[in-house]
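Enquirer:
Residue numbers (my numbering): 16 to 215.
(1) Considering only C-alpha positions, which residue in the set 61, 137, 206 is nearest to residue 188?
(2) Would you kindly report the start and end of the unbroken beta strand (DSSP E) that includes residue 99?
(3) Report yes or no: do three or more beta-carbon pairs, one from the stretch 79-88 and one from the stretch 33-43, lie closer than 8 Å?
(4) Spatial neighbours of residue 132 within its chain, please: C-beta separation below 6 Å, excluding the five flanking residues on both sides.
(5) Taking a contact to mean a Cβ-Cβ separation below 8 Å, would you say residue 95 touches residue 117 in this structure?
(6) Please state whether the Cβ-Cβ distance between residue 139 and residue 207 is less than 8 Å.
(7) Closer than 7 Å: is that where the CB of residue 184 sits relative to any heavy atom of the ligand NAD?
(8) Please classify residue 186: does DSSP put it in a helix, a strand, or coil?
(9) So the candidates are 160, 70, 56, 93; which of them puts its Cα closest to the Cα of residue 63?
(10) Taking 8 Å as the threshold, find out whether the stretch 138-152 comes into contact with the stretch 190-203 through three or more Cβ pairs.
Take a look at the structure:
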């Protein structure tokens with residue numbers, strides 16, 4: 016096909032995964048940051064979100080340029096408006112990274128899979144609970160419908176609510192307090208599905 020695949024096509028995720036895997040194999044052996052046993056960690060990928068890791072501005076610019084060039088070979092392009100640079104305290108200096116002739120914005124934290132500089136994920140947890148809660152609220156008619164059995168409701172809950180709540184949770188540096196917040200939201204929603212009211 017010359018026009019790509021349609022949104023929602025069952026082949027889209029598979030074809031994209033194959034393409035992005037091929038693009039990311041262009042990494043140089045010296046790219047990335049030092050990791051365990053002198054290994055290098057160059058990128059963190061989650062669906063179509065890619066975080067490049069480097070130890071200097073020059074290396075990051077080179078890595079970004081190579082990625083941009085390789086991605087263009089399979090018809091993919093980097094959107095400079097959606098790109099962000101987050102600099103650790105140890106980097107020093109400026110971080111002017113160019114993508115398609117535009118300077119990428121430098122931020123202290125960013126939404127989605129990003130972390131703030133101090134590694135706190137409290138804002139991420141709050142956002143995910145809010146989004147999952149909104150979806151749960153829109154499905155009140157389903158939860159209250161006595162003609163839908165409990166197993167079906169729980170399957171819907173896992174597919175829609177839990178998947179929204181835990182999106183990106185693999186990289187959260189969770190504290191006990193944040194874990195309790197997630198657990199409290201989970202229990203509140205389950206009580207809502209079961210029709211159990213809770214009074215202090």
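For glycine and all other residues, C-beta sits at the position ideal for the given N, C-alpha and C.
Expert: In brief:
(1) Nearest of 61, 137, 206 to residue 188, Cα basis: 137.
(2) From DSSP, the beta strand (DSSP E) with residue 99 extends over 99-101.
(3) Yes, the stretch 79-88 is in contact with the stretch 33-43.
(4) Interpretation of residue 132 is limited by its pLDDT of 49, a score under 50 that renders its predicted location unreliable; the figure taken from the coordinates is listed afterwards. Hits under 6 Å: 123.
(5) Cβ atoms of residue 95 and residue 117: closer than 8 Å.
(6) Taking 8 Å as the cut-off, the Cβ atoms of residue 139 and residue 207 do not count as close.
(7) Ligands are entirely absent from the displayed structure, and the ligand NAD is therefore not among its contents.
(8) Three-state result, residue 186: helix.
(9) Nearest of 160, 70, 56, 93 to residue 63, Cα basis: 93.
(10) As far as the Cβ criterion goes, the stretch 138-152 touches the stretch 190-203, which means the pair count is three or higher.
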